[in-house]
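A short write-up of the structure that comes next.
Number of protein chains: 2
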Amino acid sequence: MNYETPLFFQVMAYADAADRDVIDMVSGTPDWEPPAALRSGLREYADLESDRFQYPPSDGLRELREEIAARRGVDADQVVVTNGAGEANYLAMARALERERGREFLLTDPVYPYYPGKATMLGGTHSSVATDDEGRLRPEDVRAAASAETAAIVVTTPNNPTGAVYPAETMRELVAVAEEYDAVLISDEVYDHYDLSGRFASALETDSTHRIVTNAFSKSMAITGVRVGYAIFPPELVANARSRHMLVTVATTRPGQYAVLQALRETGPEYYERNRELLRDRVDTFTDALDAAGAEYTTPSGSFYVMARFDGYPGTLETVERLIDEAGVAGMPGEAFGDSRTDWLRFALVSPRVEEAAERLATYFD
Amino acid sequence: MNYETPLFFQVMAYADAADRDVIDMVSGTPDWEPPAALRSGLREYADLESDRFQYPPSDGLRELREEIAARRGVDADQVVVTNGAGEANYLAMARALERERGREFLLTDPVYPYYPGKATMLGGTHSSVATDDEGRLRPEDVRAAASAETAAIVVTTPNNPTGAVYPAETMRELVAVAEEYDAVLISDEVYDHYDLSGRFASALETDSTHRIVTNAFSKSMAITGVRVGYAIFPPELVANARSRHMLVTVATTRPGQYAVLQALRETGPEYYERNRELLRDRVDTFTDALDAAGAEYTTPSGSFYVMARFDGYPGTLETVERLIDEAGVAGMPGEAFGDSRTDWLRFALVSPRVEEAAERLATYFD
């Protein structure tokens, strides 16, 4: 087995080595503040008795699991606290394969590149269902692609990289397709707090033994480095996932779990609303500049990303490097996300310099 | 695939539910203080700029990898910082299988039960080489058990549960056996700071492309819940392990990495010596009581554990529950560690009440 270093790291390295000032719109790491209670939770933890520095329960601190369960309307026993959404997706995909109802993962195109990587690592195969130019996924296309070989359908909503938010009907239909083919829908909802459309629908809204929901506090609390996420399994599927979690990581970091629990309890809706407002402003600023640059683009309904297409600038690493050198703005090539966006570039709105980046692009393409 | 909940958890649950005061000598979680700099490192982290709350490099903070590499005499590029030794062993075992030079793991008996669990989860097989009553492993026995099917030999030194410390010659020979059979020696050295004998020898002392060393700060810094460990790979094997790490957990918790780095830099040898002294005292106290109780036992050369055998009390869950109820002391049944210690019990010396536990056992068996 061999895995490639994600293109992501190559772009970051190129931007870092550039001879000029470059505005980083490459990765999905928020540049806003974590909740104050997250910081105070960590501070508090540092002074706890030494026994609180020892293993938490493998599946997570009980209070954290209960807090998550209450918010998501599930039983605490269905929740496994993980090392971020990364581990949550890994556990979910492994669990789907362990059902031994097929070895193929149905992904979307464009796709978050870690999914095909995980599928291959787990010894599964993968194929893709194309979304439309706005990132909409048609459940009938998923149904047409599904077969007895389908182990799981893996989707992200709000979507990275398209910014699409799948409506409730789509989510219901995706669960139905999973049921029809005795597969599992894995719904990665890590951007749920960045739904800018008000139309986000969790897969949890459709009760089923055929869907797993993954999430994390990495994006919602702007703490991608703390590594606390979770997966919610149907009761029938949770035991094996819990065992794998125990055998792979034993447990997720306890200071992080403690701080996230404090932050969940003490952070009001205004924190999340403020971050959404910030994103809305950035979307406006950036897409205005894209208009000025004569580019085609998608206005995200959620998540952090704007996809843009500039005539004569294909979505390749070469173009990205050229824009780093010539415009001083670093994005991601669309080719990193599958076959359908090879003409596009992705820009992450996670820099305080989005306005400046927009100006640079508008000037460059003028 | 199905995994059982480790017996460990059953024993803990039974002890928790007992109607009387029970001294917990079940798990390997230190009851002593983490280094002061670990606490101050966490406190400091809580006040860093928000960009420091975002993803660290997937394979670990550069300064931490360099600090580890300098201490272990390897190149920083060989180090992958992991979610504890649990993930380090998982990555090492997965990497051994990926070489496609056999699918069998050669383990020892007694064995740390997570190893056979990981072997099965990874789709490998496992067989065992018995150690003697003192826990000594004879490399010629390992050689006799090895074959073209051997993917890896997995050992722990200082050992859990036997307390044995393998001498330098054993480690050299184990590496030689791995080389002869084109396998990998995986040496889990998580108890290296609890070598009470002065004879500990790391597998790193034998230069080879056929050995992987795993470790963590969980035991050495008394922080099993923080989840920072590492694996050191030969340069030839590190790339795939790094990719798997990225695909499974993305990265290990950054506050934990930051705090461990501070603690590594600022904690002098007296911290570790003090903890070893504490353990030495506890070994003396506990084995004196075992003498008084007429029990057979092993005096550990390292790690936290004393194995004991009481006539008429086999090393079963039943016996452990009986001792919880009747003596008020909770240990682990020897049967949890393989076939060779089914007459034995394991007691972890990680309670401030070791003396009281010793008295209880001496009285009970009087």
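Top line first, the protein sequences correspond to chains P and R.
Final position of the first sequence in the UniProt record's numbering is 366; the numbers increase by one with none missing.
Final position of the second sequence in the UniProt record's numbering is 366; the numbers increase by one with none missing.
Using N, Cα and C, we set each Cβ at its ideal position, and we do this for glycine too.
Closer than 9 Å to the CB of P:Gln78 there is not a single CB belonging to chain R. Close CB contacts of P:Asp31 within its chain, under the 7 Å cut and outside five residues either way in sequence, are with Val350, Ser351 and Pro352 (chain order).
Using a Cβ distance threshold of 9 Å, P:Ala151 and P:Gly124 count as a contacting pair. Within chain R, Ala46 and Asp47 have C-beta atoms less than 8 Å from the C-beta of P:Arg39, given in sequence order. Proximity of R:Arg346 to chain P, defined by a Cβ-Cβ separation below 9 Å, is not satisfied. For the region 60-92 of chain P, the full-length beta strand (DSSP E) segments reaching 3 residues or more read 79-82 along the chain. Distance between P:Val283 and R:Arg227, taken at the CA atoms: about 38 Å.
Proximity of the region 108-121 of chain P to the region 249-258 of chain P falls short of the contact definition, fewer than three beta-carbon pairs being nearer than 8 Å.
For P:Leu264, the nearest beta carbon of chain R is not closer than 9 Å to its own beta carbon. Ranked by Cα distance from R:Thr162, the first of R:Tyr305, R:Leu42 and R:Arg138 is R:Tyr305. Judged by their CB atoms, R:Leu97 and R:Ser128 are not nearer to each other than the 9 Å cut-off. When the alpha-carbon of P:Leu361 is set against those of P:Gly294, P:Leu278 and P:Glu87, the nearest one is in P:Gly294. The region 87-102 of chain R makes contact with the region 227-238 of chain R: 3 or more CB pairs, one atom from each, lie closer than 8 Å.
It is roughly 23 Å from the alpha-carbon of R:Ala201 to the alpha-carbon of R:Arg265. In the three-state DSSP reduction, P:Ile223 falls in the coil class, being neither helix nor strand. Excluding the 5 residues flanking it on each side, R:Pro300 has same chain C-beta neighbours closer than 7 Å at Gly163, Leu196, Val283 and Val306, in chain order. A buried status is given to R:Glu189, since no fewer than 16 other beta-carbon atoms sit within 10 Å of its beta-carbon. Assigned with DSSP and collapsed to three states, R:Val228 falls in coil, not helix or strand. Using a Cβ-Cβ cut-off of 8 Å, R:Val154 is close to nothing in chain P; its nearest Cβ partner there is about 14 Å away. R:Met332 has R:Arg346 as its beta-bridge partners, per DSSP. For P:Pro235, not one C-beta of chain R is nearer than 9 Å to its own C-beta. By the CB criterion at 9 Å, R:Gly41 and R:Ala263 fall inside the cutoff. A direct Cα-to-Cα measurement between R:Val213 and R:Leu204 gives close to 7 Å.
Here DSSP, grouped into helix, strand and coil, assigns P:Asn159 to coil. Under the DSSP assignment, P:Met307 falls outside any alpha helix (DSSP H), being part of the beta strand (DSSP E) whose first and last residues are Tyr305 to Arg309. In the displayed model, P:Glu355 falls within a helix according to three-state DSSP.
Neighbours of P:Thr267 in chain R, taken as residues at a C-beta separation under 8 Å, are lacking, since the least C-beta distance is about 15 Å. As a beta-bridge residue in DSSP terms, R:Asp188 pairs with R:Thr156 and R:Thr214. In the three-state reduction of the DSSP assignment, P:Thr249 falls in the helix class, which pools H, G and I. Using beta-carbon distances, P:Gln54 counts as an interface residue toward chain R, with a partner under 9 Å. For P:Val129, the enclosing beta strand (DSSP E) starts and ends at Thr125 to Ala130. Just so you know, the alpha carbons of P:Glu44 and P:Ser147 end up roughly 51 Å apart. Using a C-beta cut-off of 8 Å, the region 50-59 of chain P makes contact with the region 21-36 of chain R, since at least three inter-stretch Cβ pairs fall below that distance. In the structure shown, P:Glu273 adopts helical secondary structure according to DSSP, grouped into three states. Taking the Cα of R:Leu261 as reference, the smallest distance to any Cα among R:Leu247, R:Met221 and R:Gly198 is reached at R:Met221. In terms of Cβ geometry, R:Leu290 and R:Val320 do not form a close pair [threshold 9 Å].
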